[in-house]
Amino acid sequence: MEILLAVMVGILYGTGIYMMLRRSMVKLIIGIILLGNGANLLIFLLGRITKGAPPIIPGDAKVFVEAFADPVPQALILTAIVISFGLQSFAIVLVKRAHTVVRTDDLDEMNATDEDS
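If you use my numbering, the sequence shown corresponds to residues 765 to 881, in order.
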């Protein structure tokens, strides 16, 4: 299972970077989304996949007896999801505004329009 997820991280990173290198602003946003999802999956993999109880020590024990789920990667992923959602929302609004002003989503045409002004 971890091998499959590691391959999926590589695919998400590769396609995200490929999309970010395209000339279209929409493809740039899709690339950012894919790269963010790949980073979230990587953090999930670094925390190891374990099926276990929540990390709560019973009152009569001093250490964990059985396997437990590590809450730190889960908290990091939740934080990364919120941050990436904010970044994606801002990028979508920014591209929409740029498209209404320049009437194109091609980065080369936007640079040519900027030089003519």
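Where a beta carbon is used, it is the ideal one built from N, C-alpha and C, also for glycine.
Other residues of its chain near residue i: CB distance less than 6 Å, five sequence neighbours each side excluded
{"i": "Lys860", "result": "none"}
{"i": "Ile794", "result": "Met783"}
{"i": "Lys815", "result": "none"}
{"i": "Asp834", "result": "Gly811"}
Top-ranked residue by Cα proximity to residue i, from the options
{"i": "Leu792", "options": "Asp870, Asn875, Pro818", "result": "Asp870"}
{"i": "Leu851", "options": "His863, Met765, Ile796", "result": "Ile796"}
{"i": "Leu798", "options": "Ile856, Ser848, Leu858", "result": "Ser848"}
{"i": "Val771", "options": "Leu785, Ile781, Leu805", "result": "Leu805"}
{"i": "Ile813", "options": "Ile845, Leu768, Ala862", "result": "Leu768"}
{"i": "Ile781", "options": "Gly802, Met765, Gln838", "result": "Gly802"}
{"i": "Ala844", "options": "Phe832, Pro819, Lys826, Ile807", "result": "Ile807"}
Residue environment, residue i, which counts as buried when at least 16 other CB atoms sit within 10 Å
{"i": "Gly800", "result": "buried"}
{"i": "Met789", "result": "buried"}
{"i": "Asn752", "result": "What is shown of the chain runs 765 to 881, which leaves residue 752 out entirely."}
{"i": "Val773", "result": "buried"}
Sequence-distant residues of the same chain with beta carbon closer than 7 Å to residue i, five excluded per side
{"i": "Val865", "result": "none"}
Cβ shell of residue i (< 8 Å), same chain only, five flanking positions each side left out
{"i": "Ile787", "result": "First, the residue type needs correcting, since residue 787 is Arg and not Ile in the sequence shown. These residues qualify, in order along the chain: Asp870, Leu871, Asp872."}
{"i": "Leu776", "result": "Leu798, Leu799, Asn801, Gly802, Leu805"}
{"i": "Gly810", "result": "Note on residue identity: the sequence assigns Leu, not Gly, to residue 810. Answer for Leu810: Pro837, listed in chain order."}
{"i": "Ile856", "result": "Ile793"}
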